[in-house]
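Novice: In numbering that gives the first Met the number 0, the protein residues as written are 0 to 136.
Quick one: the structure is below, and I'll ask about it shortly.
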Amino acid sequence: MGAITYDIEIPSSIPAAKMYKAVVLDADTLIPKIMPQAIKKVEYKSVKHRVDAIDTENLTHSYSIVEGDALMGGLESITYHVKIVPTEDGGCICKNRSIYQTKGDVEITEEKIKEGKEKALAMFKAIEAYLHAHPDA
0 MGAITYDIEI
10 PSSIPAAKMY
20 KAVVLDADTL
30 IPKIMPQAIK
40 KVEYKSVKHR
50 VDAIDTENLT
60 HSYSIVEGDA
70 LMGGLESITY
80 HVKIVPTEDG
90 GCICKNRSIY
100 QTKGDVEITE
110 EKIKEGKEKA
120 LAMFKAIEAY
130 LHAHPDA
């Protein structure tokens, strides 16, 4: 079993606490509202995940996918670590680390990693646009 890790950092002009609330605490209700196309086309039949840690004071959240179609048959698990870091200009940087635990000698292609990064960026930017358009959200 091997581990493949990738990191992505996304800057935003939204204050850190507000972005954390949207990305972590309100994601279950916010994402279907602002990205209904993502919910209408679910590619997995089942997914089992667990929350490993949530720290609202330090704006961090870690969770793992441990069973289901999302593991694509070649993965033991996928763990995500999210940290929202305040910036001096009043915005934030969303730091996301994804760790793929593979089965045996399974390899994940650069194309799959790029796809995942693009989806994460699109979702983050959609949330950011929503928060700009709805400052009281």
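Note that CB positions come from ideal geometry on N, CA and C, so glycine has one too.
Please name the residue or residues paired with lysine 17 in a DSSP beta bridge.
Specialist: Position 18 of the sequence shown, counting from 1, holds the residue named residue 17. Lysine 17 pairs with nothing; no bridge assigned.
Novice: Just to confirm my understanding: we take alanine 125, look at its own chain, exclude 5 residues before and 5 after, and list those with CB closer than 6 Å. What are they?
Specialist: In the sequence shown, residue 125 corresponds to position 126, counting from 1. Hits under 6 Å: Ile33 and Met34.
Novice: Find out if the Cβ-Cβ distance for the pair asparagine 57, tyrosine 79 is shorter than 8 Å.
Specialist: The residue you call residue 57 lines up with position 58 of the sequence shown. The residue you call residue 79 lines up with position 80 of the sequence shown. It is not a contact, given that the beta carbons lie outside the stated cut-off.
Novice: Assuming isoleucine 126 is part of the alpha helix (DSSP H), what are its boundary residues?
Specialist: Numbered from its first residue, the sequence shown carries residue 126 at position 127. Looking at the DSSP string, the run of the alpha helix (DSSP H) that includes isoleucine 126 is 109-132.
Novice: Which term fits valine 50, buried or exposed, when burial requires 16 or more other beta carbons within 10 angstroms of its beta carbon?
Specialist: Counted from its first residue, the sequence shown places residue 50 at position 51. It counts as exposed.
Novice: So the candidates are Gln36, Thr59 and Asp68; which of them puts its Cα closest to the Cα of histidine 48?
Specialist: As a position in the sequence shown, residue 48 is number 49, starting the count at 1. The residue with the shortest Cα to Cα distance from histidine 48 is Asp68.
Novice: Should the segment 16-26 be called in touch with the segment 82-99, which here means at least 3 C-beta pairs below 8 Å?
Specialist: The answer is yes - the segment 82-99 touches the segment 16-26, with three or more Cβ pairs under 8 Å.
Novice: Starting from threonine 28, follow the alpha helix (DSSP H) in both directions and report where the run begins and ends.
Specialist: Numbered from its first residue, the sequence shown carries residue 28 at position 29. 26-33 is the span of the alpha helix (DSSP H), which, as asked, contains threonine 28.
Novice: For alanine 166 versus isoleucine 30, is the C-beta distance shorter than 8 Å?
Specialist: Past the edges of the chain, shown from 0 to 136, lies residue 166, and the structure says nothing about it.
Novice: Is tyrosine 5 closer than 8 Å to glutamine 76 when the C-beta atoms are compared?
Specialist: Here residue 76 refers to the residue found at position 77 of the sequence shown. Here residue 5 refers to the residue found at position 6 of the sequence shown. For the sequence presented, residue 76 should be read as serine rather than glutamine. The answer is no: Cβ separation not under 8 Å.
Novice: Around the Cβ of isoleucine 64, are there at least 16 other Cβ atoms within 10 angstroms (buried) or fewer (exposed)?
Specialist: Locating residue 64 in the sequence shown gives position 65, where the first residue counts as 1. Buried is the call here.
Novice: Need the endpoints of the beta strand (DSSP E) that valine 50 sits in, please.
Specialist: Here residue 50 refers to the residue found at position 51 of the sequence shown. Valine 50 -> beta strand (DSSP E) spans 46-54.
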